[in-house]
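Trainee: Let me begin by handing over the structure; questions about it come next.
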Amino acid sequence: MNVHQSLTTARPAEPFPSLVPASAASEAMVRFETVSKAYPAYRDKPSVQALQEIDFAIPRGSITGVIGRSGAGKSSLVRLINGLEKPSTGRVIVDGREISALAGKELRLAQRSIGMIFQHFNLLSSRTAADNIALPLEIAGWSRADIAVRVEELLELVGISDKFDRYPSELSGGQKQRIGIARALATRPNVLLSDEATSALDPQTTRAILDLLANINRELGVTIVLITHEMSVVRQLAKEVVVIDGGRIVERDHVADIFTHPRHPVTQAFLSEAVGDSLPVSLTSRLLPQPIASGQAVIRVQVRGTDAGDTIVARLARELAIDVALLSARIDEIGGQHVGSLTIGIPGGDAATKQAVGYLSQNKFLVERLGYVA
Amino acid sequence: MSRELINLIIQATGESLFMVSVAALVATSFGLPLGVFLATSRKGELFAAPAVNGLLGVIVNAARSTPFIILVVAIIPFTRLIAGTSIGSGAAIVPLTIAATPFIARLVEAAIREVDGGLIETASSFGASPLQIVFKVLIPEALPGLVLALTLAVVSLLGYSAMVGAVGGGGLGDLGIRYGYQRFMPEMMLAVVVVLIALVQTVQTAGDYLARRVNRRLRHR
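Below, the structure written as structure tokens:
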């Protein structure tokens, strides 16, 4: 049996659990109201329906991950939030203002309270680090003296004060993204949009940048919208996840719930990449469909939530007196919950296996029999 | 070579430099905005005006495909209107400017188009107006390319300025034709060519140096 199917059936039938109570809807920082976006046919390109029936809210002060494969509509979604694009139908409301209805000077004013960072940093090669950060302030018409003070603060905030006079060509990817973040925060926006901001960085730098974003969210209360195709980014930072595919929201939940109960195939595909719940080859190559004498039954136990999966082996040994073999295990903490799986071997034939499975099921663990090993 | 001939060369060099610098200055002040507009006015761009863009494109192409010597003759009435005369270095500035403007516009257009589109989107995302994008993003980022474009334009103008000699425009070309060719003075012809080569070398070297100075993309290579 497929694990994901078993998890799917364990879910309530409700299509999307509402993360924002109706009463708090006005408190949303970003709200999409039945938004669709179509690009008309142009030259030899056919028309594209980029987004359909997008209807959701991003709570104030949250970190929300928007995950999807390339071409799923993520970029269109984020460009609707900062008004770079207009929806074909529906409304986009940011911080109480209908940004999709603004144009010209009003739109430009509203855009100053929405910061954005980019995959390829998009820094001006002709400006130093400090002058790049100053750009949005110059555009907003700040005085030279105010700009100098603010730029100093921002350089400190992102931890690159010593690089103020360097040009982008002299800086590493991580340093460039720090400048990008400082620039995005320059005009004290309420929302920070991150469009694949770590996709061009190595894992270590990615971690450092995500930590910086978490700090910014915690200390400045800036709402962060993370567009990504990497589940690991969502796992490290986001509290809530929106999965989009083919221009539609296919799944939406708290990050821990997405990781424990993925329902949509796209989510499941993203998850198996991130969690790595595949068995080691040394084990799968020995796996047999039928029990053999003096062998072990191989069982996978899903660990999720706070249900202390880490003590399973000890409890089985103590309470059922079974010498459980730990074959493979991975448990992460995601959104404050334990998420992962244990693969264990149970010796002693069918009776012991039944006993162990019964015990685990009683304790509300999801159990799956994989086969047998000698 | 006699003292008088040397004086003639010095005077002609001065006339050529005068024609070329004034024409370059005026042509740049028209060509730069025209080039920026051509680069930003297609469908979906900053100053989207596809019809105007198309029309200007046709005019620019027409001006550029007219042979310079024909242009000089064809616009004599216009030259007389502007300069009061159609003879001499001052008058020659008019056709030089008219020939160089569309040339510079195309070069500027190419340099501006080289700027990463992501930077335009970035500036728009924090609320920059189209004009702010031009002055704070496009022109500074395209500066190395613009400097090289203007260098190329000045070099071409030196060549054109030699041609206006054929219609009484003065300058080095005039000297070369009248003395070197019509009076059979090969040493004069040689002197004119050497001076022109030296001028082009100087302009090109200075332009390359300046372009390198303003290029921050390759700073530590």
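From first to last, the protein sequence lines are chains U and X.
Here the first sequence is numbered in the numbering used here, starting from 1 and rising by one per residue.
Here the second sequence is numbered in the numbering used here, starting from 1001 and rising by one per residue.
The C-beta atom is built at its ideal place from N, Cα and C for all residues, glycine as well.
Predicted model, so just to flag it, every value in this text is computed and none were measured.
Within 10 angstroms of its Cβ, does glycine 1159(X) collect 16 or more other Cβ (buried), or is it exposed?
Mentor: Its Cβ having fewer than 16 others within 10 Å, glycine 1159(X) is exposed.
Trainee: Less than 7 Å between C-beta atoms, sequence neighbours within five positions excluded: which residues of the same chain meet that for threonine 205(U)?
Mentor: Gly173, Gly174
Trainee: Are there 16 or more other CB atoms within 10 angstroms of the CB of lysine 1136(X), so buried, or fewer, so exposed?
Mentor: buried
Trainee: Would you grab the beta carbon distance between threonine 343(U) and arginine 300(U) for me? Rounded to a whole angstrom, and I think it's under 8 Å.
Mentor: 5 Å between Cβ atoms; contact.
Trainee: How would you list, in chain order, the residues of chain X whose beta-carbon sits under 7 Å from the beta-carbon of aspartate 126(U)?
Mentor: In the sequence under discussion, the amino acid at residue 126(U) is serine, which differs from the aspartate named in the question. Correct list: Pro1140, Glu1141, Leu1143, Arg1216.
Trainee: Give the secondary structure of tyrosine 1209(X) by DSSP, where H, G and I count as helix, E and B as strand, and everything else as coil.
Mentor: helix
Trainee: Look at the alpha carbon of methionine 231(U) and the alpha carbon of isoleucine 1098(X), and state the distance between them as a whole number of angstroms.
Mentor: 59 Å
Trainee: Is the beta carbon of glycine 1088(X) less than 7 Å from the beta carbon of glycine 1170(X)?
Mentor: yes
Trainee: For phenylalanine 32(U), which of helix, strand or coil comes out of DSSP?
Mentor: It is a strand residue.
Trainee: Quick one: grab the DSSP three-state call for alanine 22(U).
Mentor: Note that alanine 22(U) has pLDDT 42, beneath the 50 cutoff, so the model's placement of it is unreliable and the number below is only indicative. It is helical.
Trainee: Does valine 1030(X) come out as helix, strand or coil in the three-state DSSP assignment?
Mentor: Per the sequence presented here, residue 1030(X) reads as phenylalanine, with valine not at that position. Phenylalanine 1030(X) falls in the helix class under three-state DSSP.
Trainee: Can you pull the chain U neighbours of leucine 1119(X), defined as C-beta to C-beta under 7 Å?
Mentor: Asn122, Leu124
Trainee: Where do the N-terminal and C-terminal ends of the alpha helix (DSSP H) with aspartate 55(U) fall, by residue?
Mentor: Here aspartate 55(U) belongs to no alpha helix (DSSP H); instead the beta strand (DSSP E) covers 48-59.
Trainee: Please list the terminal residues of the continuous beta strand (DSSP E) segment that includes phenylalanine 118(U).
Mentor: 114-118
Trainee: Answer yes or no: does any C-beta atom of chain X fall closer than 7 Å to that of alanine 24(U)?
Mentor: With a pLDDT of 47 at alanine 24(U), under the threshold of 50, the modelled position of that residue is not reliable, and no figure is offered here.
Trainee: Compute the Euclidean distance between the alpha carbons of glycine 1084(X) and valine 1154(X), then round it to the nearest angstrom.
Mentor: Going by the C-alpha atoms only, they are around 25 Å apart.
Trainee: Report the three-state DSSP secondary structure of valine 1020(X) (helix, strand or coil).
Mentor: helix
Trainee: Using C-beta distances below 8 Å, list every residue in its chain close to valine 1214(X), excluding the 5 sequence neighbours before and after it, in chain order.
Mentor: Leu1143, Pro1144, Val1147
Trainee: In chain U, which residues lie with their C-beta within 9 Å of the C-beta of threonine 1040(X)?
Mentor: Chain U residues near threonine 1040(X): none, gap ~16 Å exceeds 9 Å.
Trainee: Please name the residue, chosen from Gln236(U), Arg252(U), Val250(U), that lies closest to isoleucine 334(U) on a Cα-to-Cα basis.
Mentor: Gln236(U)
Trainee: Helix or strand or just coil, what does DSSP make of leucine 192(U)?
Mentor: strand
Trainee: Got a sec? Which residues, its chain only, sit under 6 Å from tyrosine 1179(X) by beta carbon, not counting five neighbours each side?
Mentor: Met1185, Met1188
Trainee: Mind the definition here: the region 1104-1113 of chain X touches the region 1065-1074 of chain X only if three or more C-beta pairs lie below 8 Å; say whether that holds.
Mentor: no
Trainee: For the 8 Å Cβ check, are there 3 or more pairs between the region 114-131 of chain U and the region 67-77 of chain U?
Mentor: no
Trainee: Can you name the start and end residues of the alpha helix (DSSP H) that leucine 1056(X) belongs to?
Mentor: Element bounds for leucine 1056(X): 1050-1065.
Trainee: On the CB-based measure, 16 or more other CB atoms within 10 Å of its CB, does proline 280(U) come out buried or exposed?
Mentor: Label assigned to proline 280(U): exposed.
Trainee: To the nearest angstrom, report how far apart serine 161(U) and glycine 115(U) are at their CA atoms.
Mentor: 21 Å
Trainee: Could you give the residue range of the beta strand (DSSP E) that holds glutamate 333(U)?
Mentor: Element bounds for glutamate 333(U): 325-334.
Trainee: When the Cα of isoleucine 1006(X) is compared with those of Arg1217(X), Glu1114(X), Leu1190(X), Ala1211(X), which residue comes out closest?
Mentor: It is Leu1190(X) whose Cα lies nearest to the Cα of isoleucine 1006(X).
Trainee: What do you reckon, are the CB atoms on threonine 187(U) and arginine 112(U) nearer than 7 Å?
Mentor: yes
Trainee: Can you pull the chain U residues whose beta carbon is under 7 Å from the beta carbon of glutamine 1132(X), in chain order?
Mentor: Taking the beta carbon of glutamine 1132(X) as reference, the chain U residues within 7 Å of it are Ile139, listed in sequence order.
Trainee: Show which residues of chain A have a CB atom less than 8 Å away from the CB atom of valine 1073(X).
Mentor: Here the protein chains are U and X, and chain A is not one of them.
Trainee: Could you check what DSSP says for serine 172(U) in three-state terms: helix, strand or coil?
Mentor: Note: serine 172(U) maps to coil in three-state DSSP.
Trainee: Short of 8 Å in beta carbon distance, which residues of its chain neighbour phenylalanine 118(U), apart from the five on each side in sequence? Order them along the chain.
Mentor: Here the set comprises Gly180, Asp195, Glu196, Ala197.
Trainee: Tell me the rounded alpha-carbon separation between isoleucine 224(U) and glutamate 153(U).
Mentor: Annotation: isoleucine 224(U) to glutamate 153(U) spans about 20 Å, alpha carbon to alpha carbon.
Trainee: Are the region 346-365 of chain U and the region 289-299 of chain U touching, with three or more C-beta to C-beta distances below 8 Å?
Mentor: These segments touch.
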